[in-house]
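Here the structure comes first, spelled out in structure tokens, and everything after it is commentary.
Numbering (this note's numbering), first residue to last: 231 to 346.
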């Protein structure tokens, strides 16, 4: 006693009518002539070499890859609670140093960051 389920795609398949059986037999009635297409001797195919084909394919692949690249969107998010040392429109200055072997350089850094 087998309890396997039988699935069907539509009502014609469920009823299994003779018209449906004829449609199934003729679903792929006409084979595609691939050999005729690949072995044709047209003037269009004579002018295209393998090198030209690879150039066009390489260019189109590069164009698609470049079109898919986007610059990241950097958005400033305002402070929820503004720090006391930050005033919009006024630059902040910081002192810093850089040490390399025997030389020490001193810098005054200016930070201009407007967060509105």
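For each residue, glycine too, the CB sits at the ideal point set by N, CA and C. If you're wondering where the values come from, they're calculated on a predicted model, not measured in any experiment.
Inset, instruction - Put residue 329 into one of helix, strand or coil per three-state DSSP. - result: In the structure shown, residue 329 sits in a strand (DSSP, three-state: E or B).
Legend entry - Minimum C-alpha distance to residue 323 - residue among 291, 284, 313, 342: Of the residues 291, 284, 313, 342, the one whose Cα lies closest to the Cα of residue 323 is 342.
Inset, instruction - Pick helix, strand or coil for residue 239, following the three-state DSSP scheme. - result: Three-state result, residue 239: coil.
Inset, instruction - If I'm right that residue 243 touches residue 250 with Cβ under 8 Å, what's the distance once you round it to whole angstroms? - result: So it is a contact: roughly 6 Å between Cβ atoms.
Legend entry - Expected contact under 8 Å - CB spacing of residue 340 and residue 325 to nearest Å: Going by Cβ atoms, the distance from residue 340 to residue 325 rounds to 11 Å, so no, they are not a contact pair.
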